[in-house]
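Numbering (my numbering), first residue to last: 73 to 197.
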């Protein structure tokens with residue numbers, strides 16, 4: 073079975089599924105990626121700082137660029153290449169517009185902040 077490799081500060085939310093294909097299709101998720109609730113990522117590459125929206129599906133051999141955003145409910149078809157700092161949405165997903173590079177950084181920082189808050193709450197119990 074192919075492997076799943078996750079970077080640092082990856083946020084996989086409730087109900088999300090990270091999957092591979094047998095032998096030939098690993099999933100690589102780089103640092104500071106957020107994968108929204110009920111999203112499915114399958115045998116693909118998600119580059120640093122990208123955001124996969126709630127309920128989105130990313131299929132085999134797709135490559136999601138650094139800081140890119142896949143909109144909620146989008147379907148990224150097999151082999152699709154999404155460039156850095158692009159927003160894609162729809163079924164099937166299509167290019168919508170470019171993002172600002174600082175947008176992806178704010179997503180990652182937001183979830184790192186949440187982790188600190190949860191740790192502090194645990195200490196109170």
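Glycine included, every Cβ here is placed at the ideal spot set by N, Cα and C.
All figures in this text were calculated on a predicted structure; none of them were measured in a lab.
Taking 8 Å as the cut-off, the Cβ atoms of residue 161 and residue 143 count as close.
Bridge pairing for residue 77: 100 [DSSP].
For residue 174, the secondary structure class from DSSP, reduced to helix, strand or coil, is helix. Only exposed fits residue 163, as fewer than 16 other CB atoms lie within 10 angstroms of its CB.
The Cβ atoms of residue 138 and residue 151 do not sit closer than 8 Å to each other. Residue 89 is bridged by DSSP to 112. Its chain contains 112 as the residues whose beta carbon lies nearer than 7 Å to that of residue 89, once the 5 sequence neighbours on both sides are disregarded; these appear in chain order.
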